Amino acid sequence: MNTKAGTDECDLPCLQRKREREREREMEEQGKNEERKKVMVAIDESEFSLYAFNWALENLRETIQRSQLVVFTAQPIDFASTYAASYGAAPAQLVTSLLENHKKVALALLERAKEICAKHGIVPETVTEVGDPKVVICKAVEKHNIQLLVLGSHGRGGIQRAFLGSVSNYCVHNAKCPVLVVRKQN
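Each residue of the sequence shown is one higher than the one before, starting from 450 at the first, in this note's numbering.
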């Protein structure tokens with residue numbers, strides 16, 4: 450360092466190096482304080498979903514390792530039973546039992562996902578919500594500040610999709626982040 454004798458003053462190149470080091474430290478601090486990006490994989494109990502989940506772990510490995518992985522599953526509401534119970538055609542205990550069963554399935558699914566992630570050295574955040582899967586997935590994207598959503602595709606044709614709806618299609622058009630739809634090849 451070129452300093453004048455007996456002082457802490459630097460010449461121009463010395464000052465430039467100091468400023469560069471200060472900028473580098475500021476950028477490092479900013480990077481540490483920045484929230485990690487989040488990737489969410491939405492799963493259900495289908496083979497298509499499991500395929501998409503495993504595909505994401507294999508093919509997005511670097512992205513997932515630099516990010517926080519959120520594994521999400523929905524607990525669908527059985528509207529027919531709820532409707533029937535509201536008119537006394539089905540006992541309220543039936544609805545309660547169905548909701549409890551959906552919760553058990555969702556928690557078991559998330560537990561299995563954690564086991565698969567552990568084999569890849571990943572510790573995911575797991576989330577489950579009750580409601581229409583396509584709607585609660587999109588709400589979870591916003592709530593958890595997700596930067597990338599990964600979904601499986603059931604591979605339904607146009608007519609089936611028109612009658613049954615498509616979770617992936619809905620999410621592609623309504624999620625507040627990029628959506629990657631993974632389709633299992635036959």
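Positions of the beta carbon are idealized from the N, C-alpha and C atoms, including for glycine. This one's a predicted model, so the numbers in the text were calculated from it and none came from an experiment.
Where do the ends of the alpha helix (DSSP H) carrying residue i lie?
i    : result
I492 : Segment K487 to I492 is the beta strand (DSSP E) holding I492; no alpha helix (DSSP H) there.
N618 : V616 to N623
Can you give the Cα-Cα distance for residue i and residue j, rounded to whole angstroms?
i    : j    : result
Q514 : V572 : 10 angstroms
Q524 : Q634 : 27 angstroms
S617 : N508 : 19 angstroms
N503 : R561 : 12 angstroms
L506 : A567 : 11 angstroms
N623 : S615 : 12 angstroms
C626 : Q596 : 5 angstroms
G580 : R510 : 30 angstroms
D493 : T522 : 6 angstroms
N594 : K487 : 7 angstroms
E549 : V590 : 24 angstroms
Y619 : K467 : 52 angstroms
Starting from residue i and walking both ways along the beta strand (DSSP E), at which residues does that stretch end?
i    : result
L506 : From DSSP, L506 is part of no beta strand (DSSP E) but of the alpha helix (DSSP H) over E496 to N508.
Restricting to Cα atoms, I'd like to know which of the options is closest to residue i.
i    : options                   : result
L559 : F497, E549, L548 and E574 : E574
T577 : I595, H551, K487 and G570 : H551
V519 : S615, K625 and I586       : I586
R632 : S602, T522, V590 and Q596 : S602
I526 : V584, K588, C620 and K467 : V584
V554 : E469, S495 and V621       : S495
So residue i and residue j are in contact, right, with Cβ under 8 angstroms, and what is the actual spacing, rounded?
i    : j    : result
L598 : M489 : 5 angstroms
A491 : L629 : Not quite, the Cβ-Cβ distance comes to about 11 angstroms (not below 8 angstroms), so this is no contact.
R485 : Q517 : 5 angstroms
List, from N- to C-terminal side, the alpha helix (DSSP H) runs of 4 residues or more that fit wholly inside the region 515–599. Listed in chain order, they are 528–535, 541–568 and 582–592.
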